[in-house]
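Under the working numbering, the first residue of the sequence shown is numbered 824, with each subsequent residue one higher.
Glycine included, each C-beta is placed from N, C-alpha and C at the ideal position.
Data block below; observations after.
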Amino acid sequence: MLFRSGAAVCVDYATRAEEAERTVALVEAAGGRAFAYRADVADAAAVDAMVAETVRRYGRLDIVVNNAAITDAHRDWTEVTEEEWDRALAVNLKGCFLTTKAAYPHLLSGGHGRVINIASVTFLTGQGRLLDYVASKGGMIGFTRTLARDVGKDGITVNAITPRSE
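See below:
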């Protein structure tokens, strides 16, 4: 609930406009500022446009939360298609990279910044029938650890949260 501390929020979505608008309404009802923006995080041009619009609206960008995730599989790993595998890694891992890369100059110009990656405890525990998802979240953990070392000197912190779904 970063908006309760004054953060203005861009709620990105690829396919669920109603859910994004509900989130915006909740933020605004609580006194915060937010807008919804449609962007496929696996598309660099779309991500660049989203970041540019966020900075245009709010004047700066201080925090990035990489939360986009999909899995189309939920079945035996031998049945996962190459297209499903590629799409899951494109959204869940490449999207994290592209969004952080687009935001980085703005985080850097502020002399500080935060990158928060929503990973998954499934990387640590494993979970059957979700190979694409779990592999991508494991990649996100490695991304987080390495990026933290690379940008810490710039005053930017990078962390991952590994929620457990029950």
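Next on the checklist: For a test of the three-state rule: what should DSSP assign to Ala911, helix, strand or coil?
Outcome noted: Translated into positions along the sequence shown, residue 911 becomes position 88. Of the three classes helix, strand and coil, the one that applies to Ala911 here is helix, per DSSP.
Next on the checklist: Can you tell me whether Thr901 is buried or exposed? The criterion is at least 16 other CB atoms within 10 Å of its CB, across all chains shown.
Outcome noted: The residue given as residue 901 occupies position 78 in the sequence shown. Thr901 should be labelled exposed.
Checklist entry - Residues in its own chain within less than 7 Å of Gln950 by CB, not counting five upstream and five downstream? => result Within the sequence shown, the letter at position 127 stands for residue 950. Contacts found: Val957.
Next on the checklist: On the CB-based measure, 16 or more other CB atoms within 10 Å of its CB, does Asp955 come out buried or exposed?
Outcome noted: The residue labelled residue 955 in the question sits at position 132 within the sequence shown. That one is buried.
Checklist entry - So, do the stretch 838 to 853 and the stretch 878 to 885 have three or more beta carbon pairs nearer to each other than 8 Å? => result The answer is no - the stretch 878 to 885 does not touch the stretch 838 to 853, with fewer than three Cβ pairs under 8 Å.
Checklist entry - First and last residue of the alpha helix (DSSP H) that includes Ile964? => result Counted from its first residue, the sequence shown places residue 964 at position 141. In the DSSP assignment, Ile964 falls within the alpha helix (DSSP H) that extends over 954 to 974.
Item to check | Option nearest Val847 by Cα separation, candidates Val981, Ile979, Phe858 | outcome: Mapped onto the sequence shown, residue 847 falls at position 24. For Val847, the nearest C-alpha among the options comes from Phe858.
Checklist entry - Counting along the chain, where does the beta strand (DSSP E) carrying Phe858 start and finish? => result Mapped onto the sequence shown, residue 858 falls at position 35. Start and end: 857 to 861.
Item to check | Exposure label - Asp909; buried when at least 16 CB within 10 Å | outcome: Start at 1 with the first residue of the sequence shown, and residue 909 comes out as number 86. Label assigned to Asp909: exposed.
Checklist entry - Quick one, which of Ala926, Gly975, Arg827 has its alpha-carbon nearest Asp885's? => result Numbered from its first residue, the sequence shown carries residue 885 at position 62. That would be Ala926, whose Cα lies nearest to the Cα of Asp885.
Checklist entry - Taking all protein chains shown into account, do 16 or more other C-beta atoms lie within 10 angstroms of the C-beta of Ile893, making it buried, or fewer, making it exposed? => result Taking the first residue of the sequence shown as position 1, residue 893 is located at position 70. It counts as buried.
Checklist entry - At which residues does the beta strand (DSSP E) containing Gly978 begin and terminate? => result For the purposes of this step, residue 978 is identified with residue 155 of the sequence shown, where counting begins at 1. From DSSP, Gly978 is part of no beta strand (DSSP E); its letter is neither H nor E.
Checklist entry - Start and end of the alpha helix (DSSP H) containing Asp871? => result In the sequence shown, counting from the first residue as 1, residue 871 sits at position 48. Its alpha helix (DSSP H) spans residues 867 to 881.
Checklist entry - Looking at the unbroken beta strand (DSSP E) that takes in Val834, where does it start and where does it end? => result Walking along the sequence shown from the start, residue 834 turns up at place 11. 832 to 836 is the span of the beta strand (DSSP E), which, as asked, contains Val834.
Next on the checklist: What does the alpha-carbon distance come out to for the pair Val914 and Thr969?
Outcome noted: Start at 1 with the first residue of the sequence shown, and residue 914 comes out as number 91. Start at 1 with the first residue of the sequence shown, and residue 969 comes out as number 146. Roughly 19 Å separates the two Cα atoms.
Checklist entry - Just the Cα atoms here: how many angstroms apart are Thr967 and Asn889? => result Position 144 of the sequence shown, counted from the start, is the residue given in the question as residue 967. Position 66 of the sequence shown, counted from the start, is the residue given in the question as residue 889. Cα to Cα, Thr967 sits roughly 11 Å from Asn889.
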